[in-house]
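Letter by letter, the sequence shown follows residues -5 to 207 of the numbering used here.
Ideal Cβ positions, reconstructed from N, Cα and C, are used throughout, including at glycine.
The structure presented is a predicted model; accordingly, all values stated were derived computationally and were not measured.
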Amino acid sequence: MPDLSLEADFRVQGYRLIAGVDEAGRGPLAGPVAAAAVILPPDLTGDELWLAAIDDSKRLTERRRVEAATLITENARACAVEMISSETIDRIGIGRAVLSAMLTAVGRLRPAPDALLLDWVPIKECPLPHQAVVKGDARSLSIAAASILAKVARDEHMVRAEGCYPGYGFARHKGYATRAHLRCLAELGPSPIHRRSFSPLRQATLIDDAATR
């Protein structure tokens, strides 16, 4: 279970407001990538009951993630979520899109953080002191909280996308490359929110381009 030890390490160095940062949706074939930044109250002991709801978002059911997201937004000192569209992902690449989403989410925090805990991704462009933590969402409560907010926000976005682009099953698979999703792609072709730079969409685009020459 994640705890506050990494946050405590930063506070020993004199930093008070520590933001956890994480992303959701790096791998799907459709939809945006989301990033969240969360500053938990600096006076937490770790024994607060609401913290028990926070864990690596991948370990939680959808219902528990939604419940945890509500607790986080109600109790956090500050939190922010940013999404980068599939069109931008195709234009600048998923790596740069993730970094852009993370930095924008951090920049929207009020109050601003003194330091950052990042889930695995180092941000060279970041002027703040930061630590990239392997499997950070399983180790840090701040990163885990960010992982939950990013995942819930992106999932809700994909559920709404189902109404705009019916037939793809976005509400079920959230844009990931499930067998059902790939079948729908083969039958319907890509929607406006599919990432055309991702395989197998890129391969299909190359085939279509070759056929028109």
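Between L38 and E68, the alpha-carbon positions lie close to 14 Å from each other. Note: V127 is bridge-paired with D113 in the DSSP secondary-structure output.
About 4 Å separates the beta carbons of P(-4) and A138, which is inside the 8 Å limit, making them a contact pair. It is roughly 16 Å from the alpha-carbon of A140 to the alpha-carbon of S(-1). In the three-state scheme derived from DSSP, where H, G and I count as helix and E and B as strand, E1 is classed as helix. Taking the CA atoms as reference points, V32 sits about 18 Å from K52. For Q7 and E42, the gap between their C-alpha atoms comes out near 24 Å. Inclusion of I78 and V27 in the CB contact set at 8 Å is warranted, their separation being smaller than that value. Under the three-state reduction of DSSP, A70 is assigned to coil, being neither helix nor strand.
With a beta-carbon spacing of about 11 Å, H151 and A24 fall beyond the 8 Å limit used to define contacts. By the C-beta criterion, the segment 45 to 65 is judged not to be in contact with the segment 164 to 183, since fewer than 3 inter-stretch pairs fall below 8 Å.
Where D84 is concerned, the enclosing alpha helix (DSSP H) starts and stops at 80 to 86.
In the three-state scheme derived from DSSP, where H, G and I count as helix and E and B as strand, A171 is classed as coil. Leaving aside the five residues that flank C120 on each side, the residues in its chain whose CB is nearer than 8 Å to its CB run, in chain order, L97, V100, L110. When the five nearest sequence neighbours on each side are left out, the beta carbons in the same chain lying within less than 6 Å of the beta carbon of A165 are those of V153, E156, in order along the chain. A direct Cα-to-Cα measurement between P116 and G130 gives close to 12 Å. Only residues of its own chain outside the window of five on either side were considered, and among them D84 have a CB closer than 6 Å to the CB of S191, listed in chain order.
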